[in-house]
Amino acid sequence: MRLLGKLGFAVAACLFGANVAAADTVVKWLHIEVNPAQVKIWEEVARSYEASHPGVKVEMQFLENEAYKAKLPTILQSKDRPNIIYSWAGGVLKTQIEAGVLEDITDSVKSGGYSDTIAPAALAAFTQNGRVYGLPIALSQVGFLYNKDLMAKGHVDASKIKTWDDLLGAVKTLKAAGVTPIVVGGADKWPLHFYWTHLAVRIGGKPAFDAALKGENGGFAGETFQKSGELFKQLVDLQPFQNGFLGSKNPQAVGYFGDGKAAMILAISSFYHTQRALAADKVGLSDDKLGWFDFPVVPGGKGEPSDTLGGITGWLVTKDSPKEAVDFLKYFISKDVQARLAAGNFIVPVVKGGEAGLKSDFMKQIAANLAKSNYHQNFYDQSLGPSVGRVVNDVSAEIAGGSMSPQDAAKAIEAAYKQGN
Amino acid sequence: MAIASPINVAGEAAPQALRGPGWDGRFTVLILFLPPALLLFTLFVVLPIGEAAWYSGFNWNGFGRPTQWIGFDNYRFVLETRAFWLALRNNGLIIAVSLAIQLPLALTLALMLAEKFRGAVALRMLFFMPYILAEIATGLIFSFVYDGDYGLVASIWRFFGAEPPYLLASTDTAMLAVLIVIVWKYFGFHMMLFIAALQSLDKSLVEAARIDGATRSQTLRHVVIPLLYPTIRLSVFFAIVGSLQLFDLVMPLTRGGPADSSNTMVSFLYNNGISRMRVGYGSAIGVILFAICVTFAFTYKRWFMRDE
Numbered sequence: 018m019r020l021l022g023k024l025g026f027a028v029a030a031c032l033f034g035a036n037v038a039a040a041d042t043v044v045k046w047l048h049i050e051v052n053p054a055q056v057k058i059w060e061e062v063a064r065s066y067e068a069s070h071p072g073v074k075v076e077m078q079f080l081e082n083e084a085y086k087a088k089l090p091t092i093l094q095s096k097d098r099p100n101i102i103y104s105w106a107g108g109v110l111k112t113q114i115e116a117g118v119l120e121d122i123t124d125s126v127k128s129g130g131y132s133d134t135i136a137p138a139a140l141a142a143f144t145q146n147g148r149v150y151g152l153p154i155a156l157s158q159v160g161f162l163y164n165k166d167l168m169a170k171g172h173v174d175a176s177k178i179k180t181w182d183d184l185l186g187a188v189k190t191l192k193a194a195g196v197t198p199i200v201v202g203g204a205d206k207w208p209l210h211f212y213w214t215h216l217a218v219r220i221g222g223k224p225a226f227d228a229a230l231k232g233e234n235g236g237f238a239g240e241t242f243q244k245s246g247e248l249f250k251q252l253v254d255l256q257p258f259q260n261g262f263l264g265s266k267n268p269q270a271v272g273y274f275g276d277g278k279a280a281m282i283l284a285i286s287s288f289y290h291t292q293r294a295l296a297a298d299k300v301g302l303s304d305d306k307l308g309w310f311d312f313p314v315v316p317g318g319k320g321e322p323s324d325t326l327g328g329i330t331g332w333l334v335t336k337d338s339p340k341e342a343v344d345f346l347k348y349f350i351s352k353d354v355q356a357r358l359a360a361g362n363f364i365v366p367v368v369k370g371g372e373a374g375l376k377s378d379f380m381k382q383i384a385a386n387l388a389k390s391n392y393h394q395n396f397y398d399q400s401l402g403p404s405v406g407r408v409v410n411d412v413s414a415e416i417a418g419g420s421m422s423p424q425d426a427a428k429a430i431e432a433a434y435k436q437g438n
Numbered sequence: 009m010a011i012a013s014p015i016n017v018a019g020e021a022a023p024q025a026l027r028g029p030g031w032d033g034r035f036t037v038l039i040l041f042l043p044p045a046l047l048l049f050t051l052f053v054v055l056p057i058g059e060a061a062w063y064s065g066f067n068w069n070g071f072g073r074p075t076q077w078i079g080f081d082n083y084r085f086v087l088e089t090r091a092f093w094l095a096l097r098n099n100g101l102i103i104a105v106s107l108a109i110q111l112p113l114a115l116t117l118a119l120m121l122a123e124k125f126r127g128a129v130a131l132r133m134l135f136f137m138p139y140i141l142a143e144i145a146t147g148l149i150f151s152f153v154y155d156g157d158y159g160l161v162a163s164i165w166r167f168f169g170a171e172p173p174y175l176l177a178s179t180d181t182a183m184l185a186v187l188i189v190i191v192w193k194y195f196g197f198h199m200m201l202f203i204a205a206l207q208s209l210d211k212s213l214v215e216a217a218r219i220d221g222a223t224r225s226q227t228l229r230h231v232v233i234p235l236l237y238p239t240i241r242l243s244v245f246f247a248i249v250g251s252l253q254l255f256d257l258v259m260p261l262t263r264g265g266p267a268d269s270s271n272t273m274v275s276f277l278y279n280n281g282i283s284r285m286r287v288g289y290g291s292a293i294g295v296i297l298f299a300i301c302v303t304f305a306f307t308y309k310r311w312f313m314r315d316e
């Protein structure tokens, strides 16, 4: 009887609770973050927002990266779409804006001088024709993370790797010493496209990319892009990667690096953090064993050595969302929260003053690199949209696997670009 | 008039339509039962296929309504893609392996296990087990088995003192590795079909053959297997249609890679149509695949399964 009473009470509580929830404004927030430590901070931020804004409920939903990308068009066109979604800016964002599924949040972002608190380049990535459709959360840089012990074992001075030939030389020396030079998650393809893309950034710089977008100089089949394939092939021919690299996924590869089994990894700056979680012992390489050098320059290349390749990630608000969604985003992307995320080494902040939270020297260095970069190229596979970007990933993997020539690779991208536009 | 219905006994006339088995009766059945079936069929079969065919004429990324009509260009793009032909070839390989290795293996095991002996049931369950396992789980398990660093295959290689291969990471071996998993996963299903057929065989025919002095292999060849033909035909049908639809084993194993070497038609559709948001292009692949399946199904039914 007592049990029944308890049950009845529980049911009543549930019903009552459900009623209260229904009366609230619910902000549905869809994310793809797999790092539990970071999600925990997000949760806490959401709860503290709820505490200071009675009547608003922030609901977090999760989808895995690839599933998210595949489902997004459908999700966005459903009536029950989430209010806040994750974005890598670039071509996908452009498509979404053109389809009219996003909310123009320009007015509320500009009000009260809020937009001035954000790094202009980062905000620009979410702006089109002067209208703002989202807010950036983090920047990242692509470069080489290395294992100091293994570099020493292979008698390579990483601080001297400045040019592409230096890198090729280091690979040869490491191989001769019996050290696996580089690890890469080739099955995911995009880690391989970093090589191809970053070489293009070094060889042609911003002018080459802009020209290719306009179809000038042979577009993506032009000289710059053929050359980046050729230089990439020089590296591939040295067999620098771990055995079976075309079958490993990125998390495996990052874990392999964290286990201390390879000297280098061409990494997004956030791998600095994820290699710990993905290593077999969940500890990974400690700070004193980790080093970083920027992507080598190509002699005669038109790109500046300070140019960077990386990501600009952020949040979008979907059409017909309650105004609380934007309000929460502004709360989320504020100096305090950014400083907190920066302190956990999760992000390079985009809000001015947020970098005060940066604790590790490594993250400070990345932030400094990004600050002095005049040309930050968003990942090609995001920047060019899914239909062309994935072809860039494909051909990078094919060059790495030896099944496609650099010339054919460049032509394939140009063909996809023409088809997609 | 002795078979008059109770209604007639009661002196009332039966309604026209219920009176007899002639045209009127069939017409009533048609009126009553056709519309729901037709409606469901239209709603769940004809419309989606028609929609896919319609979308395949557009250059469309899945947002809003398709507007850019490009006619048959998507089909041309598909047919010009090397990866499509690779995928088609792989589907052909899967069918070949299913017919040449999987079904004979299943039949042999069925002939051994259909008889009653100690442990027969346990062995049957053991062989059937892979079929029960979800495809995605099978794929994940085998991606570990094939792993060149920690996998079972690697340890076997190391045992013999050789450098282990990375089967899923090479364009030469990835498809082979997938084929092995396919055989492992589905032979149990066909074995069960054969066992069921064997157990319902008319035993007297086998006995008659024995009494006439036929040897074991003669009985098998001239009596048992011919009696199994209907089941074999069904098995072949399942094997081929299943091979054409294969997707969920490939994704966790190789995702169609490296360099598209292990794509099937469906994983090719997914990788190119869905992941790249080229819905028109994907629809074109879907329509081609549908055409192949339908052509096969009708031809096969017409030629081989006419009596059933």
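Chains as they are written, first to last, in our numbering: chain E, 18 to 438; chain D, 9 to 316.
Built from N, CA and C at the ideal position, the CB exists for glycine as well.
So is residue i buried or exposed if we call it buried at 16+ other beta carbons inside 10 Å?
i: residue 200 of chain D; result: buried
i: residue 137 of chain D; result: exposed
i: residue 276 of chain D; result: buried
i: residue 295 of chain E; result: buried
i: residue 164 of chain D; result: exposed
i: residue 329 of chain E; result: buried
i: residue 78 of chain E; result: exposed
i: residue 75 of chain D; result: exposed
i: residue 430 of chain E; result: buried
Does residue i have its Cβ less than 9 angstroms from a Cβ in chain E?
i: residue 104 of chain D; result: no
i: residue 273 of chain D; result: no
i: residue 256 of chain D; result: no
i: residue 308 of chain D; result: no
i: residue 285 of chain D; result: yes
i: residue 266 of chain D; result: yes
i: residue 83 of chain D; result: no
i: residue 263 of chain D; result: yes
i: residue 164 of chain D; result: no
i: residue 174 of chain D; result: yes
i: residue 178 of chain D; result: yes
i: residue 157 of chain D; result: yes
i: residue 293 of chain D; result: no
i: residue 182 of chain D; result: yes
i: residue 71 of chain D; result: yes
Could you tell me whether any Cβ in chain D is nearer than 9 angstroms to the Cβ of residue i?
i: residue 407 of chain E; result: yes
i: residue 246 of chain E; result: no
i: residue 262 of chain E; result: yes
i: residue 334 of chain E; result: no
i: residue 38 of chain E; result: Caution is warranted here: a pLDDT of 48 is assigned to residue 38 of chain E, below 50, making its placement in the model unreliable, and the coordinate value is therefore given only provisionally. No, its Cβ sits nowhere closer than 9 angstroms to a Cβ of chain D.
i: residue 113 of chain E; result: yes
i: residue 168 of chain E; result: no
i: residue 93 of chain E; result: yes
i: residue 402 of chain E; result: yes
i: residue 390 of chain E; result: no
So, under 8 angstroms CB-CB, residue i and residue j are touching, yes? Tell me the CB distance rounded to an integer number of Å.
i: residue 218 of chain E; j: residue 326 of chain E; result: 5 angstroms
i: residue 278 of chain D; j: residue 197 of chain D; result: The Cβ separation is near 24 angstroms, so there is no contact.
i: residue 193 of chain D; j: residue 146 of chain D; result: 6 angstroms
i: residue 352 of chain E; j: residue 370 of chain E; result: 5 angstroms
i: residue 98 of chain D; j: residue 252 of chain D; result: Their Cβ separation, rounded to whole angstroms, is 11 angstroms, which puts residue 98 of chain D and residue 252 of chain D out of contact at 8 angstroms.
i: residue 299 of chain D; j: residue 106 of chain D; result: The Cβ separation is near 21 angstroms, so there is no contact.
i: residue 196 of chain E; j: residue 177 of chain E; result: Actually they do not touch by this definition, with Cβ atoms about 17 angstroms apart.
i: residue 74 of chain E; j: residue 41 of chain E; result: 5 angstroms
List, in chain order, every chain A residue whose beta-carbon is nearer than 8 angstroms to that of residue i.
i: residue 96 of chain E; result: The structure shown contains no chain A; the protein chains it does contain are E and D.
>> Extract the residue ranges of the alpha helix (DSSP H) inside the region 178–238 of chain D, only unbroken runs of 4 or more that lie entirely within it.
In response: 182–207, 211–219, 224–227
>> Runs of 4 residues minimum, wholly inside the region 208–236 of chain E: which ones carry the alpha helix (DSSP H) assignment?
In response: The alpha helix (DSSP H) runs of length 4 or more contained entirely in the region 208–236 of chain E do not exist; there are none.
>> What ranges does the beta strand (DSSP E) occupy inside the region 112–179 of chain E, keeping only unbroken runs of at least 3 residues that lie completely in it?
In response: 151–156, 159–164
> Any chance the region 106–114 of chain D sits against the region 209–228 of chain D, with 3 or more Cβ pairs inside 8 angstroms?
Replying inline: no
> How about the region 198–212 of chain E and the region 281–291 of chain E: do they share at least three Cβ pairs that are nearer than 8 angstroms?
Replying inline: The region 198–212 of chain E vs the region 281–291 of chain E: in contact.
>> For a minimum of 3 consecutive residues, which ranges assigned as the beta strand (DSSP E) are wholly contained in the region 238–295 of chain E?
In response: 281–285
> Okay, do the region 268–280 of chain E and the region 37–46 of chain D touch, 3+ Cβ pairs below 8 angstroms being the bar?
Replying inline: Under the three-pair Cβ rule at 8 angstroms, the region 268–280 of chain E does not count as touching the region 37–46 of chain D.
>> Please give the ranges of any beta strand (DSSP E) in the region 361–430 of chain E, keeping only runs that are unbroken, at least 3 residues long and fully inside the region.
In response: 393–395
>> Runs of 3 residues minimum, wholly inside the region 296–322 of chain E: which ones carry the beta strand (DSSP E) assignment?
In response: 307–310
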